[in-house]
Structure formats: C-alpha cells, structure tokens
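Numbered per the numbering used here, the sequence shown spans residues 11 to 359.
Ideal Cβ positions, reconstructed from N, Cα and C, are used throughout, including at glycine.
Just so you know, these numbers come straight off a predicted model, no measurement behind them.
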Amino acid sequence: MPSLQWEKAHVAALPQLKARLLANENPWGPSPNARLAIMEAAKGGNRYQHEASAQLKTMVAKFEGVSEDHILLAPGSSDVLEKMAILHFMRGGNLVAADPAYMSLIVTAMSMQAEWKKVRLTDSWAHDLEGMAKAVDKDTKLVYICNPNNPTGTLTPADELRSFCRNIASEQTTVFVDEAYLEFLPNPKEQTMVPLIKEGKNVVVARTFSKVHGMAGLRIGYGVMLPGMVEKIEAIWRSNMSLCKTSVMGAMASMEDHDFQAKSIAATAAAREQTAAGLKKLGFHYVPSLTSFMIFPIAMEGKSFLDAMFAKGVGVRVFNVFGKDYCRVSMGTPEEMDLFLTALEEVLV
Ligand code: PLP
C-alpha cells in the first residue's frame, strides 16, 4: 500500500488505540490553570483576539529576553516552519538540513522546488556541523537544525551550534533552529539560540506549547527572529488572524503554571526511564533520548511492525534511518508504556 494510504488507515485506527504513542503528544496536559483560562476565554469568543495576542506577545518577549518586535505568534510552530520555508524558497535555492530530521519545513521547502542538501547525523547522533557548513553555498537560503533532534531525541552541543550559527547566519542564509523539545533538557536557558538573535544574527528559533505544555491540539507556538524577518512574514500573512483566543489565553496561563511544567518534565523523564529499562530487558539497543520520545532499531520490516502494533492497540511510528527501520515511541503514561512494552515483546521478541 502506498505510504499515504496506510497512514490514513492508521489515523482511522486512532480512536481504537489503547496507547497513543505516535505523535509526541503529552498525556498530562493541558495544565489545570490553562483549562480554566480556556473556559473563561470562550465566554469572550464573540470578540477578536487582538488584545489577548498582544498580551501573549508581551509575555513571550519578556520570557525570551527580547523586544516584542522579535516575536511571531503562530497557531503551532508548524506554522512558523512552513511560513519560513515559503518565504525563503519562493525564488528557488537550496536548504541544508540533517538526515534524519523533522520533515515539516523540509517538505514545504521541497514543494517550493528547493533542493534539500542532506547531511547525515554523526555516529553520536549530533548534527554534523562541519559537514553542514561545507554544504552551504551561495544558493543556500536556509539551514534547518532541530535541537534536540526529532526523530532521534539527541542533542547537538550548544557551544558548537552557537559558533556554527555565528559563522553561517548571514543576510543571504538564515539558520532556523527548531527548539520544540528544548524544555525537556535540564538547562534550556543555556541551550537556546535566542541570545544570538539579540546579537543581530539572522537566526530564527521556533518554540511550541504542544510538548511540555501539553497543548498540541490547541495549536499555539511562536518564532523568535530579527524584527526585519517578522516584517517580511507580516507583509504576506496577517499572523494574528490565524490565532484563537482560547489557545492564546490558555498559553498565558500555562506559562505561569510552573508547577505543571515541572510535573510534565518529571513524568516524561520517568517514562523515559521506564521505557529504557523495559527495552534493555527485551534486548533492544535504544538511542539515549533527552526528549519525550525514543528510537530503537527493529529487526522486522517497518510496515508489518506498525500493523502488528496497531492491531494490539499501540500506536507508534517507524522511521527509516540510514537504511534500517527504527521504531519511534512517544512517552505516555506508565500504563501506556507498559502496554507498549508488552505489545513489543509479543510482536518482536
Ligand atoms: N518541530 C518539531 C521538532 C516537532 O517534533 C513538532 C511536532 O511534533 C513540531 C515542530 C510541530 O509542532 P506544533 O506545530 O504542534 O507546534
């Protein structure tokens, strides 16, 4: 079956899943305070969201330590990824990005006829920054780096990435750093590339409320970038008009709910430990992850494996990495991880 068809078949199976571990969703969210704020915001749903969006922009700017003209709010960071791809590749050019990488920006760029110059991750699953720097040429409009990376869950050291950005980011080449999973790291403030933007570097950082905040279905995220880049986007898209007041109010409440964020991070770390221990016991060699998902190679052919797991009510994903099929499992509740490990044993061991 062509891949789109079996993906559709799996989407149809979603309601029957007992363990939904295929989209790096957070089983704990949204925070109780965000839920209350969302209900309250719904009462004012007859009015546009401009004041609420302005408030969130102020809050995000303060959190990131930049002025408000550096912030682009969006209905999920996917929107930032796609808009950046369209903006950069409407007049051709190439994109330098890792293999494997999170595909959203890459797919949009390729649909704009951009060439994807793939640079394989290193043997320690970090970005090969030297290789990426070599791949950049006069036609490179954008370099995409997902850190920590999806689907591998692995980190490229911040100091190395910082010097890469300082060397490569220019008026002609934007460096886009996708920080969707940054908050799962023990020291996110030391790992973020936002300070480079304050130095005036042409770096774009995307962040989301879908992961640690557990608001994937509410669609809210943002980009931090040079004010000139925000202007270029806003010359084409009126970004506030795609935002939803409930999600904006929920995001603000969630940002203030430090207790929920800490719980979400701790529960994810506990799920990682549970999964790692279970995989080890079953003899799988997983890639150590710093995020809310984990990959490991499987001996079975990917599609048959997925079908067998879905038939047991466990939704996961398969990625072909360097010619080998890997299972990617998202971190769920302890019960979901148990279901996953049991199904895995039945299917593969
Ligand atoms: N970036 C990465 C690396 C992701 O894994 C995801 C979603 O899984 C996204 C961006 C998009 O997230 P959202 O559009 O929900 O903010």
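Let me know the beta strand (DSSP E) ranges lying completely inside the segment 271-318, each 3 residues or longer, listed in chain order.
303-307
Could you give the DSSP three-state label for Arg176: helix, strand or coil?
helix
Any chance the CB of Asn160 is under 7 Å from a heavy atom of the ligand PLP?
yes
Which of helix, strand or coil DSSP assigns to Arg30
strand
Counting C-beta neighbours from all protein chains within 10 Å, is the total for Asn36 16 or more, i.e. buried, or is it exposed?
buried
So, helix, strand or coil for Gln182, using DSSP?
coil
Per DSSP, what kind of secondary structure is Leu152 in: helix, strand or coil?
strand
Given 8 Å as the limit, is there contact between the segment 322-336 and the segment 351-358, that is, 3 or more CB pairs closer than that?
yes
Member of Arg101, Ala108, Glu283 and Ala136 whose CA lies at the smallest distance from the CA of Ser121:
Arg101
Can you tell me whether Ser340 is helix, strand or coil according to DSSP?
strand
Below 7 Å, is the gap between the Cβ of Ala226 and the nearest heavy atom of the ligand PLP?
yes
Can you give, in chain order, each stretch of the alpha helix (DSSP H) that sits fully within the segment 55-87 and has at least 4 residues?
60-74
Met259 and His80 closer than 8 Å at C-beta:
no
What is the rounded straight-line gap between the Cα of Leu289 and the Cα of Tyr336?
13 Å
Can you name, in chain order, every residue of its own chain whose Cβ lies under 6 Å from the Cβ of Leu165, other than the five neighbours on each side?
Pro158 and Leu300
Any chance you could list the alpha helix (DSSP H) runs of at least 4 consecutive residues sitting entirely within the segment 79-147, in chain order?
87-99, 114-121 and 139-145
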